[in-house]
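These notes concern the structure reproduced below.
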Amino acid sequence: MSEVSARPVPLHVAIIMDGNGRWATTRGLPRVAGHREGAKAVRRTVEAAIAQGVRYLTLFAFSSENWRRPPSEVADLTFLLKHYLRSELNEMHAQGVCLKIIGERERFGPNLTAELTAAEARTANNSKLTLVMALSYGGRADVVAAARKAIASGMAPEALTEENFAALLDTKGIPDPDLLIRTSGEVRISNFLLWQTAYSELLFTNVLWPDFGAAAFAAALDEYATRERRFGARPA
Ligand code: IPE
Ligand code: IPE
Ligand code: MG
0 MSEVSARPVP LHVAIIMDGN GRWATTRGLP RVAGHREGAK AVRRTVEAAI AQGVRYLTLF
60 AFSSENWRRP PSEVADLTFL LKHYLRSELN EMHAQGVCLK IIGERERFGP NLTAELTAAE
120 ARTANNSKLT LVMALSYGGR ADVVAAARKA IASGMAPEAL TEENFAALLD TKGIPDPDLL
180 IRTSGEVRIS NFLLWQTAYS ELLFTNVLWP DFGAAAFAAA LDEYATRERR FGARPA
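Numbered according to numbering that gives the first Met the number 0, the sequence shown spans residues 0 to 235.
See below:
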């Protein structure tokens, strides 16, 4: 945690951005309209995170299970991702954002994979905010991939520790989320950061993702500031 004024500010906020479809259908719009509005909420949230002094922001944009959606919706989401990257990268770079991708980016095809990797390289030296985009990400897949790496390294079983296992995950080098937010009223993890959220504070809000922005982000940080984190120890 870092301190900005008197209240504790989470170092790392992770968000399950949910509710785009419902935002659209309640307005009689196609689901893609909700995803488009959701992209605008991403921009607002990145700005809010920087303004609030949060150093890591992880956004769940596409789960490994979202490939089960109809091909037309997957195509819409892939198109919007590409478009977002192209239209926002210069601005993010100027704002000091370091972009990191977790998940199986290769599943989006060689062109988008190359663009994502180039965007990471271009912003690698920025340090204002690390924006982690979870794309084709699944918490179980992350843990299994790490286990495979451990086995393939030939390390002795007793040499495996929580610390060196964490360094084999996609989130290597990124501190665990202090605060996990899920929008849209759903109360589940949906295979997001299973290992990394062991001691995250959980916050579920009914706000639909396209309505999320500076006010909702600030409200979440206010709620976080009231939480007492004990990590299993006795309260002071
Ligand atoms: C979140 O909105 C975006 C992704 C999961 C990619 P949804 O598309 O899940 O919206 P709802 O849950 O159907 O409202
Ligand atoms: C979780 O939302 C994944 C993302 C926000 C990217 P979903 O809408 O896919 O989750 P479920 O299916 O309701 O659990
Ligand atoms: Mg959903």
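We put the CB at the ideal spot given by N, CA and C, even for glycine.
**Report entry** Three-pair Cβ contact test at 8 Å for the region 137-156 versus the region 164-174
**Finding:** yes
Query raised in the report: In chain order, what residues of the same chain have a beta carbon less than 6 Å from the beta carbon of Y198, not counting five sequence neighbours either side?
Result: F230
Query raised in the report: Helix, strand or coil: which one does DSSP assign to K171?
Result: coil
Requested in this report: Give every residue of the same chain whose Cβ lies closer than 8 Å to the Cβ of H11, excluding the five residues on either side of it in the sequence, and list them in chain order.
Outcome: V53, R54, Y55, L56, T57, I173, P174, D175, P176, D177 and L178
Query raised in the report: Taking the alpha-carbon positions, what's the V96 to S126 distance?
Result: 6 Å
Report task. With a cut-off of 8 Å on the beta carbons, I'd call F191 and A47 a contact; round off their distance for me. Result -> About 20 Å separates the two Cβ atoms, so there is no contact after all.
Report task. Taking 9 Å as the cut-off, decide whether the C-beta atoms of T182 and I188 are in contact. Result -> no
Query raised in the report: Would you call N242 buried or exposed, if buried means 16 or more other Cβ atoms sit within 10 Å of its Cβ?
Result: Residue 242 falls outside the range modelled here, since the chain spans only 0 to 235, and no answer is possible.
Query raised in the report: Should G108 go down as buried or exposed, given a rule of 16 or more other Cβ atoms within 10 Å for buried?
Result: exposed
**Report entry** Neighbouring residues (CB closer than 5 Å to any heavy atom of ligand 1)
**Finding:** D17, G18, N19, G20 and R21
**Report entry** Span of the beta strand (DSSP E), counted from its first residue to its last, around S86
**Finding:** Note, S86: premise wrong, no beta strand (DSSP E); alpha helix (DSSP H) at P70 to A93.
Query raised in the report: Any chance the region 63-79 sits against the region 31-41, with 3 or more Cβ pairs inside 8 Å?
Result: yes
Query - Rounded C-alpha distance that separates A158 from A133 - result: 29 Å
Query raised in the report: So, are the CB atoms of H92 and A38 less than 9 Å apart?
Result: no
Report task. May I ask you to check if the CB of S135 is nearer than 8 Å to at least one heavy atom of ligand 3? Result -> no
Report task. Reducing DSSP to helix, strand and coil, say where K127 ends up. Result -> coil
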